[in-house]
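Here's the structure we're looking at; comments come further down.
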Amino acid sequence: MKKAVMVLAILSLTGQADAQIKETLEFKKLQFGFNIGLNYSNVITNGNPSARSKNGGGFRLGLIMSEAINERVALSPKAELSFNDCSVIYSRNGNTECVYDVYRINIDLITHLLYRPKNTKYKYYLLAGPNVKLPLMDKESVTYLSDPNKYGNNPDFAIDLGFGFEKRMVYYILAPELRYSIGLLNVNKNPSLHHVYFHNITLVLNFKG
324 MKKAVMVLAI
334 LSLTGQADAQ
344 IKETLEFKKL
354 QFGFNIGLNY
364 SNVITNGNPS
374 ARSKNGGGFR
384 LGLIMSEAIN
394 ERVALSPKAE
404 LSFNDCSVIY
414 SRNGNTECVY
424 DVYRINIDLI
434 THLLYRPKNT
444 KYKYYLLAGP
454 NVKLPLMDKE
464 SVTYLSDPNK
474 YGNNPDFAID
484 LGFGFEKRMV
494 YYILAPELRY
504 SIGLLNVNKN
514 PSLHHVYFHN
524 ITLVLNFKG
């Protein structure tokens with residue numbers, strides 16, 4: 324009987340220790356990792372009656388960090404390299420079609436505020452925060468058809484909104500994330516156009532631990 328009681332006590336203590344370790348892992352104050360994902364651009368042209376936008380897909384990869392403020396709120400800085408396929412098509416001199424590429428390659432410097440409404444099985448969270456977009460390849464990557472001039476893009480300041488889910492794996496946390504980035508600044512440097520705004524939707528997989 325005594326042996327049975329001792330075995331039960333040892334199992335109980337082991338279970339409590341495992342639970343404490345798991346709880347500690349799930350509330351790790353600093354987490355580092357990387358992400359990879361897909362983009363789809365939404366270029367908006369205002370004040371350009373003859374222009375139309377051409378939007379397409381792309382991909383991105385980056386480095387991420389997450390610092391827990393408490394069990395529900397965290398700050399998540401990110402630096403992501405983004406490859407996009409989007410442009411503005413317009414007519415020059417009435418009959419010549421020109422293509423103005425928008426943000427072919429850029430770096431996103433992001434700071435997201437993550438909020439977990441409550442502890443649920445799937446551990447979902449909401450996110451919002453500023454995003455500074457810097458074009459990497461300016462004049463060299465932006466060309467015209469039938470136009471010898473070349474123009475790049477201005478930097479952009481955007482607001483990101485989105486949500487994600489966190490799933491603890493054996494050695495890391497997997498967090499699929501969907502977000503929409505709303506560009507607030509005119510990124511146009513082409514004198515033949517007026518205002519061009521760059522929005523995009525992104526689906527990424529975050530790996531952190």
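Throughout the sequence shown, residue numbering follows this note's numbering, covering 324 to 532 in sequence.
The beta-carbon is built from N, C-alpha and C at its ideal position, and this holds for glycine as well.
In DSSP terms, what residue i is bridged to
i: R383; result: G360 and S405
i: L449; result: Y438 and F486
i: S399; result: H435
i: S389; result: Q354
i: R491; result: I496
i: V455; result: L432 and F480
i: V366; result: F521
Straight-line gap, residue i to residue j (C-alpha atoms, nearest Å)
i: L459; j: Y413; result: 24 Å
i: L501; j: T419; result: 39 Å
i: T392; j: L437; result: With the sequence shown as reference, residue 392 is identified as Ile, and Thr is not the correct amino acid for it. About 10 Å.
i: T347; j: N509; result: Unreliable placement is indicated for T347, whose pLDDT of 47 sits below 50; the coordinate value is still reported in the next sentence. About 45 Å.
i: R375; j: R427; result: 17 Å
i: T368; j: N511; result: 9 Å
i: P372; j: G381; result: 27 Å
i: V497; j: M388; result: Here residue 497 is Leu; the residue named in the question, Val, does not match the sequence. Approximately 13 Å between the Cα atoms of the pair.
i: L450; j: E394; result: 15 Å
i: V519; j: P440; result: 36 Å
i: N365; j: L526; result: 14 Å
i: I524; j: I359; result: 14 Å
i: C409; j: G485; result: 22 Å
i: V411; j: C421; result: 8 Å
i: N476; j: L361; result: 22 Å
i: S399; j: Y363; result: 22 Å
i: Y448; j: K377; result: 32 Å
i: F521; j: K473; result: 19 Å
Cutoff 7 Å; reference residue i; Cβ partners in own chain excluding five residues on either side
i: P499; result: G487, F488 and L528
i: S464; result: Per-residue confidence for S464 stands at a pLDDT of 40, beneath the threshold of 50, marking its modelled position as unreliable; the derived number appears in the next sentence. Here the set comprises D424, R427 and I428.
Host beta strand (DSSP E) of residue i (start-end)
i: H518; result: H518 to K531
i: R266; result: Because the chain spans 324 through 532 in this model, residue 266 falls outside it and cannot be assessed.
i: R415; result: S410 to R415
i: Y423; result: T419 to D424
i: R502; result: I496 to G506
Residue i burial status per 10 Å Cβ neighbour count (16 or more: buried)
i: K456; result: buried
i: Y445; result: exposed
i: F355; result: exposed
i: S515; result: buried
i: K490; result: exposed
i: V396; result: exposed
i: S504; result: buried
i: N534; result: Absent from the structure is residue 534, since the part of the chain shown begins at 324 and ends at 532.
i: K401; result: buried
i: K531; result: buried
i: G506; result: buried
i: V493; result: exposed
i: C379; result: Reading the sequence as shown, one finds Gly at residue 379 and not Cys. Per the 10 Å Cβ criterion, exposed.
Residues near residue i in its chain [Cβ-Cβ closer than 8 Å; skip 5 each side]
i: P453; result: I433, T434, F480, A481, I482 and D483
i: N407; result: N362, S364, G379, G381, V425, Y426, R427, I428, N429 and N523
i: K352; result: E390 and A391
Cβ-based neighbour list, residue i, same chain, cut-off 6 Å, excluding 5 preceding and 5 following
i: E403; result: R383, G385 and D431
i: H517; result: G370 and N371
Test: residue i CB closer than 8 Å to a CB of chain B
i: H435; result: No chain B appears in this structure, which consists of one protein chain only.
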